[in-house]
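Visitor: Structure below; questions to follow.
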Amino acid sequence: MMTNKYNTADSDTERLVPDISKYEEDTYPDNIYSDTTTEQENPSSRKCGRTVINCNCVTSFVVGLLLILSCFALIFISMGMSHSKGTGIAAPKLGELAGEESIMSKKEHGTCSQPVQDHLRWKCHQSLADRICCFNRRYAENSGYWQHTAFATEVQKMAKEGDNTEVTFYDSVTGKPLFIAPRNRTMQDFISESRAHGWPSFRDDEVVKENVRVLSDGETVSLEGTHLGHNLPDRNGNRYCINLVSVAGNPSPP
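All residue numbers for the sequence shown refer to UniProt numbering, where the first residue is 1 and numbers rise by one.
Printed below as a string of C-alpha coordinates:
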(Lines of atoms letter the chains of each structure in order from A; the text may use other names.)
(Lines give C-alpha, C1' and ligand atoms only; values in the text may rest on other atoms or scores of the structure.)
Protein backbone atom coordinates (compact mmCIF):
# COMPACT_ATOMS: atom_id res chain seq x y z
CA MET A 1 0.00 0.00 0.00
CA MET A 2 1.38 3.40 -0.96
CA THR A 3 1.97 5.77 1.95
CA ASN A 4 2.12 9.54 1.84
CA LYS A 5 5.40 11.03 2.99
CA TYR A 6 4.07 14.55 2.69
CA ASN A 7 2.08 16.09 5.51
CA THR A 8 -0.62 18.32 4.08
CA ALA A 9 -1.93 19.64 7.39
CA ASP A 10 -0.08 22.94 7.03
CA SER A 11 -1.77 25.98 5.57
CA ASP A 12 0.17 28.68 3.77
CA THR A 13 -1.16 31.51 5.82
CA GLU A 14 -2.84 31.57 9.20
CA ARG A 15 -3.96 34.70 11.07
CA LEU A 16 -2.83 34.83 14.66
CA VAL A 17 -3.91 38.37 15.60
CA PRO A 18 -5.59 38.38 19.03
CA ASP A 19 -9.21 39.55 19.23
CA ILE A 20 -9.16 42.78 21.24
CA SER A 21 -12.47 43.26 23.04
CA LYS A 22 -14.19 46.61 23.09
CA TYR A 23 -13.85 48.31 26.45
CA GLU A 24 -16.66 50.64 27.44
CA GLU A 25 -16.00 53.59 29.74
CA ASP A 26 -17.00 53.03 33.37
CA THR A 27 -19.90 55.17 34.53
CA TYR A 28 -20.29 56.35 38.04
CA PRO A 29 -22.96 58.28 40.02
CA ASP A 30 -22.95 62.06 39.83
CA ASN A 31 -22.16 62.34 43.53
CA ILE A 32 -18.89 60.42 43.32
CA TYR A 33 -16.36 61.82 45.74
CA SER A 34 -13.58 63.96 44.31
CA ASP A 35 -9.88 63.21 44.76
CA THR A 36 -9.63 65.92 47.37
CA THR A 37 -11.99 64.13 49.76
CA THR A 38 -10.10 62.89 52.80
CA GLU A 39 -10.47 59.49 54.34
CA GLN A 40 -11.47 61.16 57.59
CA GLU A 41 -14.37 62.95 55.92
CA ASN A 42 -15.65 59.81 54.34
CA PRO A 43 -13.56 56.68 54.85
CA SER A 44 -15.20 54.85 51.93
CA SER A 45 -14.52 57.58 49.41
CA ARG A 46 -10.75 57.09 49.18
CA LYS A 47 -11.19 53.38 48.77
CA CYS A 48 -13.67 53.97 45.96
CA GLY A 49 -11.34 56.48 44.34
CA ARG A 50 -8.41 54.08 44.40
CA THR A 51 -10.59 51.31 42.95
CA VAL A 52 -11.66 53.48 40.03
CA ILE A 53 -8.08 54.53 39.30
CA ASN A 54 -6.74 50.97 39.58
CA CYS A 55 -9.45 49.57 37.29
CA ASN A 56 -8.73 52.18 34.64
CA CYS A 57 -5.00 51.52 34.89
CA VAL A 58 -5.48 47.76 34.60
CA THR A 59 -7.82 48.20 31.64
CA SER A 60 -5.34 50.50 29.88
CA PHE A 61 -2.51 48.09 30.63
CA VAL A 62 -4.43 45.09 29.24
CA VAL A 63 -5.43 46.98 26.08
CA GLY A 64 -1.87 48.18 25.57
CA LEU A 65 -0.48 44.69 26.11
CA LEU A 66 -2.90 43.18 23.60
CA LEU A 67 -1.98 45.84 21.04
CA ILE A 68 1.71 45.07 21.52
CA LEU A 69 1.04 41.33 21.16
CA SER A 70 -0.94 42.05 18.00
CA CYS A 71 2.03 43.91 16.52
CA PHE A 72 4.35 41.01 17.30
CA ALA A 73 1.85 38.57 15.80
CA LEU A 74 1.71 40.59 12.58
CA ILE A 75 5.51 40.64 12.44
CA PHE A 76 5.71 36.86 12.82
CA ILE A 77 2.97 36.37 10.22
CA SER A 78 4.93 38.57 7.81
CA MET A 79 8.06 36.55 8.48
CA GLY A 80 6.14 33.33 7.95
CA MET A 81 4.78 34.55 4.61
CA SER A 82 8.31 35.45 3.54
CA HIS A 83 9.41 31.96 4.52
CA SER A 84 6.63 30.43 2.47
CA LYS A 85 7.93 32.32 -0.55
CA GLY A 86 11.19 30.46 -0.33
CA THR A 87 13.19 33.10 1.56
CA GLY A 88 13.00 31.65 5.06
CA ILE A 89 12.77 27.87 5.09
CA ALA A 90 16.00 26.33 3.94
CA ALA A 91 15.01 24.52 0.75
CA PRO A 92 16.74 21.31 -0.27
CA LYS A 93 19.39 21.90 -2.89
CA LEU A 94 17.92 22.34 -6.35
CA GLY A 95 20.91 20.88 -8.15
CA GLU A 96 20.23 20.71 -11.87
CA LEU A 97 16.90 22.51 -11.38
CA ALA A 98 18.64 25.79 -10.51
CA GLY A 99 18.17 28.17 -13.43
CA GLU A 100 19.48 31.52 -14.64
CA GLU A 101 17.47 34.71 -15.08
CA SER A 102 18.38 34.70 -18.77
CA ILE A 103 15.81 31.92 -19.32
CA MET A 104 13.09 34.55 -18.95
CA SER A 105 14.62 37.07 -21.34
CA LYS A 106 12.34 38.83 -23.82
CA LYS A 107 11.45 36.77 -26.88
CA GLU A 108 9.03 36.93 -29.80
CA HIS A 109 5.98 36.60 -27.52
CA GLY A 110 6.80 38.02 -24.11
CA THR A 111 9.07 35.51 -22.40
CA CYS A 112 7.85 32.80 -24.80
CA SER A 113 8.79 32.14 -28.40
CA GLN A 114 5.11 31.75 -29.36
CA PRO A 115 1.59 32.00 -27.86
CA VAL A 116 0.06 29.18 -25.84
CA GLN A 117 -1.77 26.43 -27.67
CA ASP A 118 -5.27 27.17 -28.95
CA HIS A 119 -7.07 24.25 -27.32
CA LEU A 120 -5.75 23.53 -23.85
CA ARG A 121 -6.59 20.41 -21.88
CA TRP A 122 -9.36 20.40 -19.27
CA LYS A 123 -10.99 23.41 -21.02
CA CYS A 124 -8.54 25.85 -19.45
CA HIS A 125 -8.87 29.46 -20.62
CA GLN A 126 -6.48 30.22 -23.46
CA SER A 127 -6.32 33.99 -22.94
CA LEU A 128 -5.66 33.60 -19.20
CA ALA A 129 -2.99 31.03 -19.90
CA ASP A 130 -1.27 33.29 -22.43
CA ARG A 131 -1.07 36.18 -19.97
CA ILE A 132 0.22 34.07 -17.11
CA CYS A 133 2.66 31.98 -19.14
CA CYS A 134 4.23 34.64 -21.35
CA PHE A 135 3.61 38.13 -19.93
CA ASN A 136 3.93 37.58 -16.21
CA ARG A 137 6.56 36.84 -13.61
CA ARG A 138 4.73 36.94 -10.30
CA TYR A 139 0.95 36.67 -10.59
CA ALA A 140 -1.19 33.53 -10.69
CA GLU A 141 -4.57 32.19 -11.63
CA ASN A 142 -7.12 32.48 -8.83
CA SER A 143 -6.66 30.16 -5.89
CA GLY A 144 -8.83 27.09 -6.44
CA TYR A 145 -9.16 27.70 -10.19
CA TRP A 146 -8.17 24.11 -10.92
CA GLN A 147 -11.11 22.81 -8.87
CA HIS A 148 -13.54 24.40 -11.35
CA THR A 149 -12.09 22.68 -14.42
CA ALA A 150 -12.49 19.26 -16.01
CA PHE A 151 -9.12 18.40 -14.47
CA ALA A 152 -10.67 18.28 -10.99
CA THR A 153 -13.46 16.02 -12.21
CA GLU A 154 -10.96 13.70 -13.85
CA VAL A 155 -8.54 13.29 -10.94
CA GLN A 156 -11.26 13.14 -8.29
CA LYS A 157 -12.87 10.26 -10.18
CA MET A 158 -9.50 8.52 -10.33
CA ALA A 159 -8.96 9.00 -6.60
CA LYS A 160 -12.42 7.69 -5.78
CA GLU A 161 -11.76 4.55 -7.80
CA GLY A 162 -8.32 4.09 -6.25
CA ASP A 163 -6.72 4.71 -9.62
CA ASN A 164 -3.21 6.10 -9.05
CA THR A 165 -2.26 6.20 -12.71
CA GLU A 166 0.28 8.95 -13.34
CA VAL A 167 -0.91 12.08 -15.16
CA THR A 168 1.59 13.97 -17.31
CA PHE A 169 1.36 17.78 -17.35
CA TYR A 170 2.65 19.47 -20.51
CA ASP A 171 3.89 23.00 -21.16
CA SER A 172 0.95 25.05 -22.45
CA VAL A 173 3.28 26.72 -24.96
CA THR A 174 5.64 24.00 -26.19
CA GLY A 175 3.84 20.79 -25.25
CA LYS A 176 6.92 19.43 -23.48
CA PRO A 177 6.34 17.34 -20.32
CA LEU A 178 6.95 19.27 -17.09
CA PHE A 179 5.43 17.28 -14.23
CA ILE A 180 4.20 13.72 -13.74
CA ALA A 181 1.96 13.01 -10.75
CA PRO A 182 1.32 11.30 -8.49
CA ARG A 183 4.68 9.69 -7.75
CA ASN A 184 5.51 8.03 -4.43
CA ARG A 185 2.05 8.99 -3.15
CA THR A 186 -1.56 8.38 -4.07
CA MET A 187 -3.77 10.48 -6.28
CA GLN A 188 -5.80 11.40 -3.20
CA ASP A 189 -2.64 12.67 -1.50
CA PHE A 190 -1.87 14.84 -4.52
CA ILE A 191 -5.42 16.21 -4.59
CA SER A 192 -5.47 16.90 -0.85
CA GLU A 193 -2.23 18.87 -0.92
CA SER A 194 -3.26 20.82 -4.01
CA ARG A 195 -6.63 21.65 -2.47
CA ALA A 196 -5.00 22.76 0.80
CA HIS A 197 -2.72 25.23 -0.99
CA GLY A 198 -5.06 26.36 -3.78
CA TRP A 199 -2.91 25.30 -6.75
CA PRO A 200 -1.61 22.00 -8.12
CA SER A 201 1.35 21.20 -5.86
CA PHE A 202 4.17 18.97 -7.01
CA ARG A 203 7.17 17.45 -5.24
CA ASP A 204 10.71 16.78 -6.43
CA ASP A 205 9.88 13.23 -7.54
CA GLU A 206 7.21 14.61 -9.87
CA VAL A 207 9.36 17.16 -11.75
CA VAL A 208 10.58 16.43 -15.28
CA LYS A 209 14.01 17.84 -14.52
CA GLU A 210 15.25 18.25 -18.08
CA ASN A 211 12.49 20.77 -18.85
CA VAL A 212 11.96 22.71 -15.59
CA ARG A 213 14.10 25.30 -13.82
CA VAL A 214 13.81 27.27 -10.56
CA LEU A 215 15.25 30.79 -10.39
CA SER A 216 16.92 32.35 -7.36
CA ASP A 217 13.68 33.92 -6.09
CA GLY A 218 11.74 30.65 -6.34
CA GLU A 219 10.05 31.40 -9.65
CA THR A 220 9.51 28.09 -11.42
CA VAL A 221 9.71 28.18 -15.22
CA SER A 222 10.17 25.95 -18.22
CA LEU A 223 13.47 25.99 -20.06
CA GLU A 224 11.63 27.64 -22.95
CA GLY A 225 10.59 30.66 -20.84
CA THR A 226 7.08 29.69 -19.73
CA HIS A 227 6.14 31.00 -16.28
CA LEU A 228 4.79 28.05 -14.29
CA GLY A 229 4.52 29.19 -10.67
CA HIS A 230 6.80 29.25 -7.63
CA ASN A 231 8.72 26.88 -5.41
CA LEU A 232 7.36 27.30 -1.87
CA PRO A 233 9.35 24.82 0.23
CA ASP A 234 8.01 23.52 3.53
CA ARG A 235 9.43 21.17 6.14
CA ASN A 236 8.92 18.26 3.75
CA GLY A 237 11.08 19.80 1.03
CA ASN A 238 10.49 21.62 -2.23
CA ARG A 239 6.85 22.20 -3.14
CA TYR A 240 6.19 23.52 -6.62
CA CYS A 241 2.96 25.54 -6.56
CA ILE A 242 1.96 25.60 -10.24
CA ASN A 243 -0.74 27.30 -12.31
CA LEU A 244 -2.89 24.70 -14.03
CA VAL A 245 -3.18 26.94 -17.11
CA SER A 246 0.62 26.77 -17.46
CA VAL A 247 0.72 22.98 -17.60
CA ALA A 248 -2.47 22.23 -19.55
CA GLY A 249 -0.80 21.83 -22.92
CA ASN A 250 -1.22 18.98 -25.34
CA PRO A 251 1.88 16.86 -25.90
CA SER A 252 4.06 18.00 -28.76
CA PRO A 253 4.44 15.61 -31.71
CA PRO A 254 7.37 13.20 -31.29
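Using N, Cα and C, we set each Cβ at its ideal position, and we do this for glycine too. As the structure is a prediction and not an experimental result, all values here were calculated from the model.
Among LYS160, PHE61, ASN136, SER105, which one has its Cα closest to the Cα of VAL245?
Guide: In the sequence shown, the residue the question calls residue 245 occupies position 245. Nearest of LYS160, PHE61, ASN136, SER105 to VAL245, Cα basis: ASN136.
Visitor: Mind reading off the beta-carbon distance from ILE132 to ASN243? Whole number of angstroms is fine, and I expect it under 8 angstroms.
Guide: The sequence position of residue 132 within the sequence shown is 132, counting from 1. The sequence position of residue 243 within the sequence shown is 243, counting from 1. About 5 angstroms separates the two Cβ atoms, so the contact holds.
Visitor: Give the single residue among GLU154, SER143, CYS241, PRO115 whose Cα lies nearest to the Cα of LYS123.
Guide: For the purposes of this step, residue 123 is taken as residue 123 along the sequence shown, with counting starting at 1. When only C-alpha atoms are compared, the closest one is GLU154.
Visitor: Got a sec? Which residues, its chain only, sit under 6 angstroms from CYS134 by beta carbon, not counting five neighbours each side?
Guide: Taking the sequence shown and counting its residues from 1, one reaches residue 134 at position 134. Same-chain partners within the cutoff: HIS109, GLY110, THR111, CYS112.
Visitor: What three-state label does DSSP hand TYR139 in the structure shown?
Guide: Your numbering for residue 139 matches position 139 in the sequence shown. If DSSP states are grouped into helix, strand and coil, TYR139 belongs with coil.
Visitor: Can you tell me where the alpha helix (DSSP H) with ARG203 in it begins and where it stops?
Guide: By one-based count along the sequence shown, residue 203 stands at place 203. Here ARG203 belongs to no alpha helix (DSSP H), and DSSP marks it neither H nor E.
Visitor: Which of the three DSSP states, helix, strand or coil, is assigned to ARG185?
Guide: As a position in the sequence shown, residue 185 is number 185, starting the count at 1. Coil, per DSSP.
Visitor: Residue 290 by DSSP, collapsed to three states: which one?
Guide: Absent from the structure is residue 290, since the part of the chain shown begins at 1 and ends at 254.
Visitor: If the criterion is Cβ atoms closer than 7 angstroms, does the pair GLY95 and ARG213 meet it?
Guide: Here the question's residue 95 lines up with position 95 in the sequence shown. Here the question's residue 213 lines up with position 213 in the sequence shown. Not in contact: GLY95 and ARG213 (Cβ atoms no closer than 7 angstroms).
Visitor: What would DSSP say about THR226, mapped onto helix, strand or coil?
Guide: What you label residue 226 is simply residue 226 of the sequence shown in a count that begins at 1. DSSP places THR226 in coil when its eight states are reduced to three.
Visitor: Run through the DSSP bridge pairs and tell me what GLY110 is partnered with.
Guide: Working through the sequence shown from its first residue, we reach residue 110 at position 110. GLY110 is bridged to LYS107.
Visitor: Using the rule of at least 16 other Cβ atoms within 10 Å of the residue's Cβ for burial, across every protein chain shown, is ILE191 buried or exposed?
Guide: As a position in the sequence shown, residue 191 is number 191, starting the count at 1. With 16 or more other Cβ atoms within 10 Å, it is buried.
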